[in-house]
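Under this note's numbering, the first residue of the sequence shown carries the number 168, and numbering increases by one thereafter.
Where a beta carbon is used, it is the ideal one built from N, C-alpha and C, also for glycine.
It should be emphasised that the depicted structure is a prediction, and the values quoted were computed from it without experimental measurement.
Report on one structure; see the data block that follows.
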Amino acid sequence: MSDETALSEPDRKVRARKNLTYLLLFAIVMFFVALSSAYVVSKSSADYWVSFRIPVQFYRSTAVIIASSLTIQMALWLVRQGRARAASLWIAITLVFGLSFSFSQLSGWETLMSKGYFVVSKVMNGNGTYGTDFTIARKGVTVEFADGQYYLPTDTQHAKPLNAEMDDYQNTASAYFYVLTVGHWLHLLGGLLVLVILAVKSLMGRYSAANYTGIWQGAIYWHFLGGLWIYLLSFIAFVH
């Protein structure tokens with residue numbers, strides 16, 4: 168007799184739901200792997216690439232999402248102990264952390280836009296102190312800035328400014344930053360909706376020590392979102 172045949176109908180449903188969860192996570196991983204690969208290829212082939220300072224809000228939000236992983240894990244532990252109503256409080260706390268993460272992301276994007284970085288923007292749109300807030304590379308070589316003009320480091324006489332040429336190029340780095348971070352945030356919005364549903368069901372007593380697959384799915388997805396964000400921020404910080 169196969170393992171599948173030996174399982175009861177409820178057990179088969181639980182296994183199917185878990186497998187569906189893993190499949191969803193795998194699909195999301197493949198999506199961001201594709202974006203990451205495109206990012207690396209674009210940077211290596213770009214004529215001009217802008218490296219700008221990542222706003223501090225994105226680093227602060229990392230601490231928030233890590234804390235939210237701890238609270239959703241506490242909720243899962245409580246429901247496994249048969250304390251579903253107590254678990255609802257920790258799910259609600261996780262929801263608050265999730266909303267705080269979202270507001271921090273929005274604040275970070277607002278800061279970027281105030282510095283001239285949009286989804287669609289020019290290489291020279293950024294503002295701030297060159298060399299501190301941002302740098303620009305031409306085919307992998309960081310250009311120099313003097314008296315409002317950009318020059319190749321080999322142009323020691325500053326005879327051929329690059330400004331006119333640079334003005335024709337889009338800021339690809341800025342576009343990718345938004346695609347990656349907003350892409351993650353959209354997946355997180357789905358997680359927030361799931362948390363609301365889980366909290367309500369917990370209060371209604373729909374979960375128990377013998378029936379907690381829904382909370383398990385929500386917790387796994389939320390942990391995944393936290394890990395995904397840490398990867399994305401690390402990737403952008405080191406590759407960007």
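CA-to-CA distance, residue j to residue i, given in whole angstroms
i	j	result
residue 284	residue 236	31 Å
residue 225	residue 389	18 Å
residue 387	residue 272	22 Å
residue 315	residue 264	43 Å
residue 307	residue 297	17 Å
residue 238	residue 360	16 Å
residue 362	residue 176	27 Å
residue 269	residue 178	36 Å
residue 403	residue 372	42 Å
residue 384	residue 293	42 Å
residue 276	residue 189	31 Å
residue 266	residue 280	21 Å
residue 324	residue 353	49 Å
residue 463	residue 274	Because the chain spans 168 through 407 in this model, residue 463 falls outside it and cannot be assessed.
residue 213	residue 332	14 Å
residue 405	residue 355	23 Å
residue 330	residue 240	53 Å
residue 197	residue 252	36 Å
residue 278	residue 299	16 Å
residue 204	residue 336	21 Å
residue 210	residue 378	48 Å
Three-state secondary structure (DSSP) of residue i
i	result
residue 323	coil
residue 375	strand
residue 348	helix
residue 337	strand
residue 217	strand
residue 301	strand
residue 282	coil
residue 306	coil
residue 248	coil
Chain-order list of residues whose beta-carbon lies under 7 Å from that of residue i (same chain, five-residue window excluded)
i	result
residue 345	286
residue 396	229, 232, 351
residue 295	282, 301
Buried versus exposed, by CB contacts within 10 Å (16 or more), residue i
i	result
residue 338	buried
residue 288	buried
residue 207	exposed
residue 201	exposed
residue 310	buried
residue 357	exposed
residue 262	buried
Cut-off 8 Å between Cβ atoms - residues of its own chain near residue i, not counting five sequence neighbours on either side
i	result
residue 249	375, 376
residue 393	232, 233, 235, 236
residue 391	192, 195
residue 382	242, 243, 246, 254, 258, 365, 369, 374
residue 334	289, 290, 291
Neighbourhood of residue i by C-beta distance below 6 Å, restricted to the same chain and skipping five residues each side
i	result
residue 380	181, 184
residue 260	238
residue 304	216
residue 312	297
Do the region 345 to 360 and the region 214 to 224 make contact, defined as three or more Cβ pairs closer than 8 Å? No: the two stretches stay apart, fewer than three of their Cβ pairs being nearer than 8 Å.
* Is there contact here, the region 319 to 327 with the region 175 to 185, by at least three beta-carbon pairs under 8 Å? -> Contact between the region 319 to 327 and the region 175 to 185 is absent, because fewer than three Cβ pairs lie under 8 Å.
- Any chance the region 185 to 198 sits against the region 328 to 342, with 3 or more Cβ pairs inside 8 Å? no
* Any contact of the region 237 to 257 with the region 359 to 379, i.e. 3+ C-beta pairs under 8 Å? -> Contact between the region 237 to 257 and the region 359 to 379 is present, because at least three Cβ pairs lie under 8 Å.
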